[in-house]
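Each remark here refers to the structure printed beneath this line.
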Amino acid sequence: MNKFIFGVIALVVILGGGVVYLARTTRPNVPPSDGTVTAISAGDWRRGTTTPQVVLVEYGDFQCPACRAYQPLVNQLMNEFGDRIEMAYRHFPLPQHRNAKAAAAAAEAAGRQGKFWEMSDMLYEKQDEWSSEANPENRLRGYAAAMNLDLSQFQKDLNDPAIMQKIESDARSGTTAGVNSTPTFFLNGKALANPPGYPAFKQAIENALSQ
């Protein structure tokens with residue numbers, strides 16, 4: 002049986018003038034890749050303009066602390082550049098995060114009611130609550146209720162095998178592209194080293210827009 006060996010990479014994210022030190026867990030035994038990612042499609046969760054000059058793809062894990070730290074940076078980018086860029090989110094739940102798939106399923110189920118991005122924000126905001134639960138389902142249903150979702154439909158969708166298939170398909174596409182940690186970003190199809198803060202993230206977008 003193959004055994005995953007996890008490495009920890011120090012990650013520094015500058016937020017609002019402060020510095021947050023995080024540990025980013027990796028999966029080093031991914032197959033070789035040329036650092037490119039498949040183009041976004043109708044199956045992706047997308048926001049921004051439908052006629053983009055720049056395309057940003059994020060592979061994320063809702064239980065990942067680094068992903069939570071980057072979430073406000075990504076939201077800020079979309080607020081500033083959303084009329085010129087398109088952003089897609091793809092699931093990459095890490096195996097050591099036991100509740101990551103359940104959270105991804107909750108986001109997918111909320112998305113079927115038009116609230117994918119709202120549930121994503123909620124999951125990051127409440128990460129400390131649900132990530133430590135032995136079974137996070139009641140917490141996730143509570144978030145759905147707070148968002149005024151149809152709970153019967155939400156529960157039905159959580160149990161739909163197609164949702165887990167979508168999550169696993171996202172993860173496979175990430176593995177094919179060489180993703181081994183979260184968050185991982187691709188800018189115009191090419192891997193982007195995680196920026197240390199919003200100014201660097203903004204500069205990367207501006208550089209891409211100028212090309």
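In the working numbering, the protein residues as written are 2 to 212. C-beta: ideal position from N, C-alpha, C; glycine also.
Between the Cα of residue i and those of the options, spot the shortest distance and give me the residue it belongs to.
| i | options | result |
| --- | --- | --- |
| Arg48 | Tyr60, Asn80, Asn136 | Asn80 |
| Ala105 | Gly198, Ser153, Asp161, Thr176 | Asp161 |
| Lys191 | Val58, Thr52, Ala67 | Val58 |
| Phe202 | Phe117, Ala101, Val75, Gly179 | Val75 |
| Asn195 | Asn208, Asn136, Phe63, Tyr71 | Tyr71 |
| Leu150 | Gly112, Pro94, Glu169 | Gly112 |
| Met123 | Ala103, Ser133, Asn139, Tyr144 | Tyr144 |
| Pro137 | Ala43, Ile168, Leu78, Ala101 | Ala101 |
| His92 | Met165, Leu188, Tyr199 | Met165 |
| Arg85 | Gly179, Thr50, Ser42 | Thr50 |
| Ala89 | Phe187, Ile206, Pro197 | Phe187 |
| Ala107 | Ala172, Gln156, Gln204 | Gln156 |
| Asp45 | Asn208, Glu207, Ser170 | Ser170 |
| Val38 | Val180, Asn139, Gln97 | Val180 |
| Ala225 | Tyr199, Ser174, Asn189 | Because the chain is modelled from 2 through 212, residue 225 falls outside the range shown and cannot be assessed. |
| Pro200 | Ile41, Pro66, Gln77, Gln212 | Gln77 |
Where does residue i sit, in a helix, a strand or coil, going by DSSP?
| i | result |
| --- | --- |
| Thr39 | coil |
| Phe187 | strand |
| Leu95 | coil |
| Ala135 | coil |
| Gly44 | coil |
| Gly112 | helix |
| Ser34 | Because the pLDDT of Ser34 is 44, which lies under 50, any placement of that residue in the model is unreliable, and the question is left without a value. |
| Val75 | helix |
| Gln54 | coil |
| Gln212 | coil |
| Arg28 | Reliability of the predicted coordinates at Arg28 is poor, the pLDDT of 46 falling under 50, and the value obtained from them is presented with this limitation in mind. It is coil, neither helix nor strand. |
| Ala205 | helix |
| Ala101 | helix |
| Asn181 | coil |
Would you list the one or two residues that DSSP bridges to residue i?
| i | result |
| --- | --- |
| Glu59 | Tyr90, Phe186 |
| Leu193 | Phe186 |
| Gly222 | It is not possible to answer for residue 222, since the shown part of the chain is limited to 2 through 212. |
Any idea if residue i is buried or exposed, counting beta-carbon neighbours within 10 angstroms, 16 or more meaning buried?
| i | result |
| --- | --- |
| Asp158 | buried |
| Pro184 | buried |
| Gly61 | buried |
| Glu1 | No information on residue 1 is available, as it lies outside the stretch 2 to 212 that the chain covers here. |
| Leu95 | buried |
| Thr26 | No answer about Thr26 holds up, because its pLDDT of 48 lies below 50 and its placement is not dependable. |
| Glu87 | buried |
| Leu152 | exposed |
| Ser132 | buried |
| Gln97 | exposed |
Measuring from the CB of residue i, is there a heavy atom of the ligand ATP at a distance below 7 angstroms?
| i | result |
| --- | --- |
| Ala103 | With respect to the ligand ATP, the structure shown offers nothing to examine, as it has no ligands at all. |
Checklist line | Minimum length 4: unbroken alpha helix (DSSP H) runs contained in the segment 115-176 | finding: Runs found: 117-126, 128-131, 138-147, 152-159.
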